[in-house]
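*Asks:* First the structure, then my questions, so here it is.
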Amino acid sequence: MTEMKIDRTRLYQALEAHEPDDQLGSIISITLVGLIGINLIAIILESIPSYAAAYGDIFTIVEYASCFIFALEYIARIWVCVEAQTKSQLAQTIATPSSHLAKRLRHVTRPMAIIDLLAFLPSILALLFPGVDLRFLRILRLFRVFKLTRYFSSL
-9 MTEMKIDRTR LYQALEAHEP DDQLGSIISI TLVGLIGINL IAIILESIPS YAAAYGDIFT
51 IVEYASCFIF ALEYIARIWV CVEAQTKSQL AQTIATPSSH LAKRLRHVTR PMAIIDLLAF
111 LPSILALLFP GVDLRFLRIL RLFRVFKLTR YFSSL
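The numbering of the sequence shown is the working numbering, which starts it at -9 and goes up by one.
Rendered as structure tokens:
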């Protein structure tokens, strides 16, 4: 049996570099943009009571499946962020050496990382606290539209 090894540098390039000729990066980007689109449509349709009653189970499956994928993406971005090698980061690394943990902590406080977290956090909280009424947090699911700014420079 062959062992599958995920190369952190390669995954960083696929997630963050956005090179047009990178097949893995294109697949990831198209998949995530499609998932965001499906989610936005589901959120809109779920707000119509007749659709919510008829297709509620499907909306729930879409919600939790996409939540799982968004959480995986978030964790992957945290894992690969230590591979960032911009000029300012190289200068900063030379001036003040920092650990992978420090780089990851800086990453999770960046606006796009916060948006990524807010895109799936309401669903995770609903799973962790099923008896608590967290419907007011459902509006945070709309942060998924802000995830599109990562893929479209015109936004």
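C-beta: ideal position from N, C-alpha, C; glycine also.
(1) Could you check whether residue 109 and residue 136 sit closer than 9 Å to each other, using their CB atoms as the reference points?
(2) State the Cα-Cα distance for the pair residue 69 and residue 43, rounded to the nearest angstrom.
(3) DSSP three-state label for residue 70, please.
(4) Any contact of the segment 92 to 103 with the segment 119 to 129, i.e. 3+ C-beta pairs under 8 Å?
(5) Starting from residue 110, trace the alpha helix (DSSP H) in both directions and tell me its first and last residue.
(6) Can the beta-carbon of residue 113 be found closer than 9 Å to that of residue 131?
*Replies:* Once the coordinates are examined:
(1) yes
(2) 40 Å
(3) helix
(4) no
(5) 101 to 118
(6) yes
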